[in-house]
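Peer 1: Start counting the sequence shown at 59; every next residue gets the next number (this note's numbering).
Positions of the beta carbon are idealized from the N, C-alpha and C atoms, including for glycine.
In this text, all values refer to a predicted model and were calculated from it rather than measured experimentally.
Just passing along the structure, written as structure tokens.
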Amino acid sequence: MKGLTVKQVDKPTYEIDEEILQQFNEQQNIFARVIYDNTAPFFHKYNYLNSEKIIEEKKQGYSRIELARTFASWTLYNHFSNAFSDQKLDNEITKLTEPQLSQYEIGDMVEFTKEVKDTALKFGASLVGICKLNRTWLYKYNRHGQPINISEDYSHAIVMIIEMNDDIFNSPHWSAMTSSGISYSKMAFVSASVAQFIRHLGYKAISAGNDTALSIPLAIDAGLGELGRNGILVTPELGSRVRICKVFTDIPLIVDKPVDFSLQEFCKKCKLCIDACEVSAISCDVEPSYEIKSVSNNQGVRRWVVDVEKCYMFWLENGGECSNCIAACPFSK
Ligand code: SF4
Ligand code: SF4
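Dropping the structure here:
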């Protein structure tokens, strides 16, 4: 957003209660619960199930072409196993995470960190930040219930943002879903390539998308934005029109400071995402709190909570996804 004052600060603007906060179990994530939680009303209800029926209604923005385009947009993401996605964790001690060449001797740390960030940008990241890896953000278990074991020498996270294209503003029409799929497929390429670059410098790297760790707090730690009322990262440059991927590494790097552009105060008054949500899934409270709505919300983080169960039920009704709260955010324009 133009004219915004972005301050670098010593501490991220989220507040946590260390007594309560624990490593999140990815099996509680709404998409994992669709697969595994037989007590949930959306158990085995996949968001595209209604799509053929919706096509027959011939509504604008819900065509067979849009749906085909959306499925196609996920191609790279869906077919890049063992380089991206949690499947690679099965190979943690194999060559996929291990250094590929002798170790590069790092001279000037400032120059070297810049080279790493430039590489991420060259491969297609829109923004990049670096933080120390706060291990609280690692998932305790992945979505299939397997423990996440990442050794202590993975000290840093390189966090990369992929910009979602303008189709997102068509939400909730299906063309907005293509924007999402394209971003995920780009994430697969960017994250896997950056990890491979690091391995060829003789260091370790694990590439990840939404898997392995919570992406939003890592992005905040890496100075890329703040947490919005909509429950998503809001960046000064692209608003919430972002997808996040990351690489964990043992390579020494200079970290970025978190940022504060007064989003927490702005969200108290703005509320545009509340109006845009067709199922009132976003908190209307003036102040953020530690309240949670379901097991899919991480406990111990003070924020405006999103009722992700209500949100997902709307996705089912819509025969796909919804990005209304991303499109409505004034920072996304
Ligand atoms: S994605 Fe759509 S349904 Fe879900 S919280 Fe955002 S606006 Fe509401
Ligand atoms: S739409 Fe407004 S209230 Fe919602 S996240 Fe964006 S700035 Fe905050």
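Are the CB atoms of isoleucine 208 and arginine 301 within a distance shorter than 7 Å?
Peer 2: Your numbering for residue 301 matches position 243 in the sequence shown. Your numbering for residue 208 matches position 150 in the sequence shown. Result no, Cβ atoms of arginine 301 and isoleucine 208 do not sit closer than 7 Å.
Peer 1: Express the C-alpha separation of asparagine 105 and asparagine 376 in angstroms, rounding to a whole number.
Peer 2: The count along the sequence shown starts at 1 and reaches residue 376 at position 318. The count along the sequence shown starts at 1 and reaches residue 105 at position 47. For asparagine 376 and asparagine 105, the distance between alpha carbons rounds to 8 Å.
Peer 1: Using a Cβ-based criterion (distance less than 6 Å to any ligand heavy atom), does asparagine 356 qualify as near ligand 1?
Peer 2: By one-based count along the sequence shown, residue 356 stands at place 298. Not so, every heavy atom of ligand 1 lies at least 6 Å from the Cβ.
Peer 1: Have a look at asparagine 136 and glycine 267 and give me their C-alpha separation to the nearest angstrom.
Peer 2: To locate residue 136, count along the sequence shown from 1; it is residue 78. To locate residue 267, count along the sequence shown from 1; it is residue 209. Rounded to the nearest angstrom, the two C-alpha atoms are 12 Å apart.
Peer 1: Thinking C-alpha only, which one of Lys198, Thr293 and Ile312 is nearest valine 168?
Peer 2: Here residue 168 refers to the residue found at position 110 of the sequence shown. Comparing Cα-Cα distances from valine 168 to each of Lys198, Thr293 and Ile312, the minimum goes to Ile312.
Peer 1: In the structure shown, what three-state DSSP assignment does methionine 167 receive?
Peer 2: Looking up residue 167 in the sequence shown gives position 109. Methionine 167 falls in the helix class under three-state DSSP.
Peer 1: How would you call valine 67, buried or exposed, if buried means at least 16 neighbouring beta carbons within 10 angstroms?
Peer 2: For the purposes of this step, residue 67 is taken as residue 9 along the sequence shown, with counting starting at 1. Per the 10 Å Cβ criterion, exposed.
Peer 1: Whose beta carbon lies closer than 5 Å to any heavy atom of ligand 1, going through the chain in order?
Peer 2: Cys335, Ala339, Cys369, Phe372, Cys380, Asn382 and Cys383
Peer 1: Using the DSSP secondary-structure output, state which residues sit across from alanine 178 in a beta bridge.
Peer 2: Locating residue 178 in the sequence shown gives position 120, counting from the first residue. Beta-bridge pairing links alanine 178 to no other residue.
Peer 1: Rounded to a whole number of angstroms, what is the C-alpha to C-alpha distance between leucine 291 and glutamine 322?
Peer 2: For the purposes of this step, residue 291 is identified with residue 233 of the sequence shown, where counting begins at 1. For the purposes of this step, residue 322 is identified with residue 264 of the sequence shown, where counting begins at 1. Whole-angstrom Cα-Cα distance: 12 Å.
Peer 1: If you run the structure through DSSP and keep just helix, strand and coil, what is glutamine 66?
Peer 2: The count along the sequence shown starts at 1 and reaches residue 66 at position 8. Three-state result, glutamine 66: strand.
Peer 1: Bridge partners of phenylalanine 306, per DSSP?
Peer 2: Here residue 306 corresponds to residue number 248 of the sequence shown, with the count starting at 1. Per the DSSP secondary-structure output, phenylalanine 306 pairs in a beta bridge with Ala215 and Ile264.
Peer 1: Determine the direct distance from the alpha carbon of tyrosine 242 to that of methionine 235, and round the result to whole angstroms.
Peer 2: Position 177 of the sequence shown holds residue 235. Position 184 of the sequence shown holds residue 242. The straight-line gap from Cα to Cα measures roughly 11 Å.
Peer 1: Compare the Cα-Cα distances from glutamine 83 to each of Lys327, Arg360, Ile188 and Ser354 and report the closest residue.
Peer 2: Position 25 of the sequence shown, counted from the first residue, corresponds to residue 83. Note that residue 83 corresponds to asparagine in the displayed sequence, not to glutamine. Distances from the CA of asparagine 83 to each of Lys327, Arg360, Ile188 and Ser354 were compared; the closest alpha carbon is that of Ser354.
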